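**Q** Here the numbering used here is used: the first residue of the sequence shown is 330, the next is one more, and so on.
Positions of the beta carbon are idealized from the N, C-alpha and C atoms, including for glycine.
As the structure is a prediction and not an experimental result, all values here were calculated from the model.
I have a structure here, written as structure tokens, and I will follow up with some questions on it.
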Amino acid sequence: MSTESRKRLWLTGGSIVGLCLGFLLGMAAHASNDPSAIAAAGSLAPVGTLWINALRMTVVPLVAAQLVASLVGARGIAPVGRIGGTTFFTFLMMLVLAGLVTLAVSPLILAWRPLSSDALDAFRSLPAAAPPAAQAAPAFSTWLVGLIPANPLRAAVQDDLLGVMIFAIAFGLAVGRMAPERRATVGELSRILADAMMTIIGWIMWIMPIAAFALAMSMGSRSGLSGAHVVIAFVTMLCALLLAFTLLLYPMAAAVGGVSIRRFAAAILPTQLVAVSTRSSIASLPSMMEAAQNRLGARPEVSSLVLPLAVASFKVNRTISAPFQFLFLAHVYAIDLSAPQIATFTLVALLLSFSTLGIPSGGSMMRSAPLYMAAGIPLEGYLLVEAAEVIPDIFKTLLNVTGNMTAVTIVDRWSHRPAAVASPTGQVIDGAAAGV
């Protein structure tokens with residue numbers, strides 16, 4: 330067996346075994362109600378946290394270096410505009426498709442598994458968990474002003490990925506207008522930095538099975554399988570819906586992205602394991618970059634723009650999880666929703682998806698609460714299902730990461746520069762110059 334095969338077996342097989350074993354041992358500790366067993370399982374959490382932090386350590390320098398290198402190599406804004414336009418259109422279409430699928434199948438799911446009146450009465454009588462501190466959604470003007478980082482170094486320290494990207498894009502475009510020798514120097518330094526980050530990522534990925542075991546065991550010891558019947562039903566239905574749409578992305582990558590299902594599945598599996606382990610698309614970014622370039626063959630200028638942008642602003646799960654939760658709670662409380670209410674909520678969920686953080690339980694909880702209350706859904710019901718977020722969060726991150734990789738294949742295929750054509754004099758010129 331070759332070294333590469335052994336590495337793939339260790340990362341893939343070892344991580345799956347680590348995840349399953351960690352969850353089983355963690356849930357066993359939770360079910361035992363033994364404080365010492367629960368504490369022992371939770372004591373492994375720092376191992377997983379260290380691994381996540383090590384991955385996140387590479388994100389900002391990797392994104393900045395990849396962006397600058399691709400922009401300097403592009404020598405102009407036209408390629409960036411073409412890739413960026415295709416990326417935005419791809420993101421929007423995937424969000425709309427996810428929302429339409431959810432609105433179409435949610436009534437069927439709710440009718441397929443009806444809840445007993447006893448379970449509904451028990452849920453309505455359950456006390457709500459204490460709500461987290463409210464995080465008001467920023468005004469549009471505040472959000473717009475915040476796009477330009479006053480201090481790029483502070484943006485990097487605060488993991489403001491969008492701010493770092495905007496600065497890196499401006500810097501790369503500026504360098505692209507310099508003399509060729511200066512441009513080549515900056516481009517080479519950027520590629521060296523990016524290559525160094527990819528090497529570090531390779532080292533970090535070697536301990537993924539151990540980190541997956543530690544994270545899964547800690548998570549299982551905290552959550553277990555307890556909860557009300559209605560909450561369990563909600564978690565089961567939502568996870569099934571998220572998983573179904575995740576599987577739908579495979580033929581989408583094949584049909585629209587031009588990558589075979591087998592190749593796509595094999596390429597993204599290690600990245601999906603990182604996503605399941607960390608519940609963070611930000612922590613999964615280095616693995617996504619490596620998979621896109623080395624296993625899917627995406628152009629560096631595409632992956633270095635699409636993936637950071639996806640992690641910063643594209644959460645395809647939002648137009649699935651939020652509308653389904655809205656419809657589920659309305660069903661539980663026997664509230665008849667009007668078509669405008671459903672459409673408005675789905676549109677808001679789509680807009681919020683561009684500002685949801687790529688971290689576990691990404692911070693949009695209390696920003697959505699007023700929409701539920703406006704529809705007559707009690708806040709306590711909303712908080713009760715949100716309390717079980719830890720399990721759906723795994724499937725949300727899995728979907729987001731798979732969606733990001735699907736978007737890369739689509740953008741890489743459809744943002745190619747027009748083919749070269751011959752001029753009337755027989756000279757070969759590129760498509761842009763020919764007006765194609």
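1) Three Cβ pairs or more, each shorter than 8 Å: is that satisfied between the region 479 to 495 and the region 364 to 373?
2) By how many angstroms is the C-alpha of Met537 removed from the C-alpha of Phe426?
3) Count the other CB atoms, across all protein chains shown, that sit within 10 Å of the CB of Ser667; report buried if there are 16 or more and exposed otherwise.
4) Would you report the Cα separation of Gly492 and Pro481, rounded to the nearest angstrom?
5) Any contact between the region 344 to 354 and the region 525 to 539? By contact I mean 3 or more CB pairs, one from each, below 8 Å.
6) Measuring alpha carbon to alpha carbon, tell me which residue in Asn362, Tyr662, Leu656 and His660 is nearest Thr673.
7) In chain order, what residues of the same chain have a beta carbon less than 7 Å from the beta carbon of Gly501, not counting five sequence neighbours either side?
8) Quick one: what does DSSP say Trp535 is sitting in, helix, strand or coil?
9) Which same chain residues end up closer than 6 Å to Leu658 when comparing Cβ atoms and leaving out the 5 residues on each side of it in sequence?
10) So, with DSSP's three-state summary, where would you put Ser609?
11) Identify the continuous alpha helix (DSSP H) that holds Gln654 and give its terminal residues.
12) Considering only residues of the same chain and omitting the five flanking positions on each side of Lys725, which have a CB-CB separation below 7 Å?
13) Which same chain residues, not among the five before or five after Ala393, have their C-beta less than 7 Å away from its C-beta?
14) In terms of alpha-carbon separation, which member of Thr607, Leu429 and Gly626 lies closest to Leu544?
15) Just checking my contact of Thr514 with Thr648 at CB under 8 Å: how many whole Å lie between their CB atoms?
16) Mind checking which residues open and close the alpha helix (DSSP H) that includes Val740?
17) In terms of residues, what are the limits of the alpha helix (DSSP H) holding Ala484?
18) For a test of the three-state rule: what should DSSP assign to Arg411, helix, strand or coil?
19) Excluding five sequence neighbours on each side, which residues of the same chain lie with their C-beta closer than 7 Å to the C-beta of Leu727?
20) Given Val631, which residues of its chain have a CB within under 7 Å of its CB, disregarding the five upstream and five downstream residues?
21) Expressed to the nearest angstrom, what Euclidean distance is found between the alpha-carbon atoms of Leu353 and Ala639?
22) Buried or exposed for Asn733, going by 16 or more other Cβ atoms inside 10 Å?
23) In the structure shown, what three-state DSSP assignment does Phe563 receive?
24) Please say whether Ala596 and Arg628 have beta carbons closer to each other than 7 Å?
25) Does Ala360 come out as helix, strand or coil in the three-state DSSP assignment?
26) Roughly how many angstroms separate the alpha carbons of Pro580 and Leu424, rounded to a whole number?
**A** If we stick to the structure as given:
1) no
2) Correcting the residue type first, residue 426 is Leu in the shown sequence and not Phe. Taking the straight line joining both Cα atoms gives about 33 Å.
3) Counting Cβ neighbours within 10 Å, Ser667 comes out exposed, since fewer than 16 surround it.
4) For Gly492 and Pro481, the distance between alpha carbons rounds to 7 Å.
5) yes
6) Leu656
7) Leu396, Val397, Leu400 and Val401
8) coil
9) Excluding positions up to five away in sequence, the list reads Ile706 and Gly710.
10) coil
11) Arg647 to Val661
12) Leu571, Asn646 and Ser650
13) Here the set comprises Val493 and Ala497.
14) Thr607
15) Not a contact, Cβ separation roughly 44 Å.
16) Val719 to Trp743
17) For Ala484, the enclosing alpha helix (DSSP H) begins and ends at Pro481 to Val486.
18) helix
19) Thr575, Gln601, Ala604 and Val605
20) Ile412, Val737, Val740, Asp741 and Ser744
21) 33 Å
22) buried
23) helix
24) no
25) Shown here, Ala360 sits in a helix according to DSSP, grouped into three states.
26) 17 Å
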